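Chains as they are written, first to last, in the numbering used here: chain A, 5 to 244; chain B, 5 to 244. Think of the CB as a built atom: it goes at the ideal place given N, C-alpha and C, for glycine as much as any other residue. Here the structure is a predicted model, which means the values were calculated and not measured. Report on the following structure.
Number of protein chains: 2
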Amino acid sequence: MKQPKTATPHGAPILEADTGTPRASYPTLHARILDSLREDILSGALIEGTALRQDQLASRYGASRIPVREALLQLEGEGLVRQQANRGYTVSKLSLAEISEEFDLRAMLESDLIMRAIPLMKRQHLSDAREVLDRLEGKGGKIVDAREWGEQNWLFHRTLLEPARRERTLRIIHNLHRSGGRYVRMHMSLTERTKEGADIEHRKLLRACAERDVHEARRVMAEHILLARDELLVVLGNRR
Amino acid sequence: MKQPKTATPHGAPILEADTGTPRASYPTLHARILDSLREDILSGALIEGTALRQDQLASRYGASRIPVREALLQLEGEGLVRQQANRGYTVSKLSLAEISEEFDLRAMLESDLIMRAIPLMKRQHLSDAREVLDRLEGKGGKIVDAREWGEQNWLFHRTLLEPARRERTLRIIHNLHRSGGRYVRMHMSLTERTKEGADIEHRKLLRACAERDVHEARRVMAEHILLARDELLVVLGNRR
DNA sequence: GGCAGAATTATTTTATACAATATTTGTTGC
DNA sequence: GCAACAAATATTGTATAAAATAATTCTGCC
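Rendered as structure tokens:
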């Protein structure tokens, strides 16, 4: 009722800390465990199918099982872990079909949002996006690692989609980015080619936005995501 | 299946007494509390903005705060409650824009799924859907209440969409049905007209599926959902 | 009166301990 | 040897209680 908490630029979303500064310790223990576990899953430190026992995780984090349980429950909502009967949790293993489905969803949702966003974009949004893109392309000379790349990639997409002011949709997309992110990381550690392709597509996308070419932006966005899907499926298909 | 549970209006106690028989239908307490809370929110027993204090809920359900917390965490993932700063949880209040957004999402996702589902539909699916529709139209003579109507309505949609075998998408749609459901209930308690309109659209949709008319089915599906959206927004707009 | 700051209250968060349940191991009879 | 059943073990689910933190009230001082 009273204060809107931390004031965010551009009416930024209320999503929990993701790209922000991890400087201050998190408010609660279960939130910290949540983030840590998620990172471990997405980074591949915890591979698919791994059994996650509560007391084991608890001692690993120097906490009791209560905050661990809560983190697991939230991760289940994000689709990163699954709870089996009374057998506890395991790191969810997505089939190729499910991975493909998630990219299809992104293509659909992000295509829709970019069309809604463009008419509402300010110059600030465009320059923000450009700035992210510069980092993404490693203009500073240094090449970012896969984790950082995924983070910046999401930030770029979010920056372009935010003006649509569709919090609910954006949240779903965020989840999809996260979920697919771990497979993209695997992929990217294999080849550097993908990055360059993505960079080109990102530039095209940004240009279309700057020119307010809604139709072109939509086309590029869908193509961008579906290409990523196809490349990923090829690599994963070969490995499985 | 679900046990009817004690129909407890607000304030009133408990799920079911501990009569020495811990053999409840639900496996765990927090799952039972989750369902009960969700039902209370969707039914309107807990109106928007209501503060949900943990110990209050705990005593109401005759449980400790632990399973209550877990239920709240999951409900937060479903978007039905929100956690404010350190002020605990409140029943989430969706703006008209957010409600509209959710229906738009449904229109997009369900349109997509129905196209994928039709080529994979067996006769069984169609007859299942027809059966649900019969119940929905109250062919048995009895008129179902708003809660039951919402349930059957979801079941109908799910039956048609399931053949697409898109679990991830279907889950999102399910959430959206739930979330929007509570507003539809308000609406439906005001007028019976909507049901008839929906029945007609459902029949059209089923016919298109039976005829494998993908394009028509898509069109009807999108229209069906967007019409529901528009009607709802008019009613809600007048009330607010 | 009004305000800074301490004390109180209200509420959430986490740890410990215990109860319930599933899984595995071990034993007996055939 | 092995099927059936019992004991042991592993693991999850929940209650109680204590610690942490925000909100509120109270008090003394100007």
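Closer than 8 Å, CB to CB, is leucine 109 of chain A near chain B or not? What you label residue 109 of chain A is simply residue 105 of the first sequence in a count that begins at 1. Yes, its Cβ sits closer than 8 Å to a Cβ of chain B.
Taking the straight line between their C-alpha atoms, what separation do you get for leucine 236 of chain B and arginine 243 of chain B? Position 232 of the second sequence holds residue 236 of chain B. Position 239 of the second sequence holds residue 243 of chain B. One C-alpha to the other measures close to 11 Å.
Within its chain, find whatever has a CB closer than 7 Å to the CB of leucine 113 of chain A; leave out the 5 residues flanking it on each side and keep chain order. Here residue 113 of chain A corresponds to residue number 109 of the first sequence, with the count starting at 1. Within the same chain, leucine 113 of chain A has close Cβ partners Thr173, Ile176, Ile177.
Cα-Cα separation, alanine 260 of chain A to arginine 222 of chain B: This structure does not reach residue 260 of chain A, given that chain A is present from 5 up to 244, and the question cannot be answered.
Mind pulling the chain A residues with CB within less than 7 Å of threonine 173 of chain B? Walking along the second sequence from the start, residue 173 of chain B turns up at place 169. Under the 7 Å cutoff, chain A gives Glu105, Leu109.
Bounding residues of the alpha helix (DSSP H) (the contiguous stretch that carries threonine 163 of chain B): Walking along the second sequence from the start, residue 163 of chain B turns up at place 159. Residues 150-165.
Look up threonine 245 of chain B in the DSSP assignment and say whether it is helix, strand or coil. Nothing about residue 245 of chain B can be read from this structure; chain B reaches only from 5 to 244.
Hey, would you say leucine 79 of chain A sits closer than 8 Å to arginine 134 of chain A, going by beta carbons? Within the first sequence, the letter at position 75 stands for residue 79 of chain A. Within the first sequence, the letter at position 130 stands for residue 134 of chain A. Taking 8 Å as the Cβ cut-off, leucine 79 of chain A and arginine 134 of chain A do not qualify as a contacting pair.
If we cut at 8 Å on Cβ distances, does leucine 230 of chain B have a partner in chain A? Your numbering for residue 230 of chain B matches position 226 in the second sequence. So no, leucine 230 of chain B is outside the interface.
Counting C-beta neighbours from all protein chains within 10 Å, is the total for threonine 163 of chain A 16 or more, i.e. buried, or is it exposed? Walking along the first sequence from the start, residue 163 of chain A turns up at place 159. Its Cβ being crowded by 16 or more others within 10 Å, threonine 163 of chain A is buried.
Closest to valine 136 of chain B by C-alpha separation, out of B:Arg120, B:Trp158, B:Arg127, would be which residue? The count along the second sequence starts at 1 and reaches residue 136 of chain B at position 132. Cα-wise, what sits closest to valine 136 of chain B is B:Trp158.
Buried or exposed for arginine 233 of chain B, please, with buried defined as at least 16 other CB atoms from any protein chain shown within 10 angstroms of its CB. Here residue 233 of chain B refers to the residue found at position 229 of the second sequence. Label assigned to arginine 233 of chain B: buried.
Can you tell me which of A:Phe107, A:Tyr65, A:Lys97 puts its alpha carbon nearest to the alpha carbon of lysine 179 of chain A? Taking the first sequence and counting its residues from 1, one reaches residue 179 of chain A at position 175. The amino acid at residue 179 of chain A is misidentified as lysine; the sequence shows asparagine. Residue A:Phe107 is the option with its Cα nearest to asparagine 179 of chain A.
Identify whether arginine 91 of chain A lies in helix, strand or coil by the three-state DSSP scheme. Within the first sequence, the letter at position 87 stands for residue 91 of chain A. Correct three-state label for arginine 91 of chain A: coil.
Cβ closer than 7 Å: which chain A residues qualify as neighbours of arginine 170 of chain B? For the purposes of this step, residue 170 of chain B is taken as the residue at position 166 of the second sequence. Going along chain A in sequence order, the residues near arginine 170 of chain B (Cβ under 7 Å) are Glu105.
Should arginine 74 of chain B be flagged as near chain A, meaning a C-beta pair shorter than 8 Å? Within the second sequence, residue 74 of chain B is the residue found at index 70, counting from 1. What sits at residue 74 of chain B in the sequence shown is glutamate, not arginine. Chain A contact via Cβ: present.
Name the two residues that bound the continuous alpha helix (DSSP H) containing glycine 142 of chain B. What you label residue 142 of chain B is simply residue 138 of the second sequence in a count that begins at 1. Per DSSP, glycine 142 of chain B belongs to no alpha helix (DSSP H) and is neither H nor E.
Taking only three categories from DSSP, how would you classify arginine 211 of chain B? Against the second sequence, residue 211 of chain B aligns to sequence position 207. Reduced to three states, the DSSP call for arginine 211 of chain B is helix.
Does methionine 225 of chain B get closer than 8 Å to chain A when you measure Cβ to Cβ? The residue given as residue 225 of chain B occupies position 221 in the second sequence. Cβ-Cβ to chain A under 8 Å: no for methionine 225 of chain B.
Helix, strand or coil: which one does DSSP assign to arginine 86 of chain A? Within the first sequence, the letter at position 82 stands for residue 86 of chain A. Correct three-state label for arginine 86 of chain A: strand.
Would you say isoleucine 176 of chain A faces chain B, with C-beta separation under 8 Å as the test? Residue numbering aside, residue 176 of chain A sits at position 172 when the first sequence is read from its first letter. With 8 Å as the cut-off, isoleucine 176 of chain A counts as an interface residue toward chain B.
Per-residue burial, aspartate 116 of chain A [other beta carbons within 10 Å of its own, 16 or more giving buried]: Stepping through the first sequence from its first residue, residue 116 of chain A is reached at position 112. It counts as buried.
If you measure from the CB of isoleucine 204 of chain A, is any heavy atom of the ligand GDP nearer than 7 Å? In the structure shown, the ligand GDP is absent, as is every other ligand, since no ligand is present at all.
Run of the alpha helix (DSSP H) containing arginine 222 of chain A, from where it starts to where it stops: One-based indexing of the first sequence puts residue 222 of chain A at position 218. Run containing arginine 222 of chain A: 218-243, per the alpha helix (DSSP H) assignment.
Boundaries of the alpha helix (DSSP H) in which methionine 119 of chain B is found, first to last residue: Here residue 119 of chain B refers to the residue found at position 115 of the second sequence. Here the alpha helix (DSSP H) through methionine 119 of chain B covers 100-121.
Got a sec: which bits of the segment 76-97 of chain A sit with their beta carbon under 9 Å from any beta carbon on chain B, in order along the chain? Leu77, Gln78, Glu80, Gly81, Glu82, Gly83, Ala89, Asn90
Kindly give me the distance between the Cβ atoms of isoleucine 51 of chain B and methionine 225 of chain B, rounded to whole angstroms, as I take these residues to be in contact under 8 Å. If you number the second sequence from 1, residue 51 of chain B lands on position 47. If you number the second sequence from 1, residue 225 of chain B lands on position 221. That pair is no contact at about 31 Å.
Give the residues of chain A in contact with glutamate 102 of chain B, contact being defined as C-beta atoms less than 8 Å apart. Within the second sequence, the letter at position 98 stands for residue 102 of chain B. What glutamate 102 of chain B touches in chain A: Glu171, Arg172.
Give the C-beta separation of leucine 100 of chain A and leucine 240 of chain A to the nearest angstrom, bearing in mind that I take them to be a contact with Cβ-Cβ under 8 Å. Here the question's residue 100 of chain A lines up with position 96 in the first sequence. Here the question's residue 240 of chain A lines up with position 236 in the first sequence. The pair is a contact, with the Cβ atoms about 6 Å apart (cut-off 8 Å).
Does the Cβ-Cβ distance between arginine 182 of chain A and glycine 48 of chain A come in under 8 Å? For this step, residue 182 of chain A is matched to residue 178 along the first sequence. For this step, residue 48 of chain A is matched to residue 44 along the first sequence. Not a contact, by the Cβ cut-off of 8 Å.
Would you mind working out which of B:Arg170, B:Tyr93, B:Leu38, B:Ala111 sits nearest glutamine 58 of chain B, comparing C-alpha positions? Counting from one through the second sequence, the residue named residue 58 of chain B turns up at place 54. Taking only the C-alpha atoms, the option nearest glutamine 58 of chain B is B:Tyr93.
Given a threshold of 16 other Cβ atoms within 10 Å of its Cβ, counted over all protein chains shown, does glutamate 155 of chain A qualify as buried or as exposed? As a position in the first sequence, residue 155 of chain A is number 151, starting the count at 1. Result: buried.
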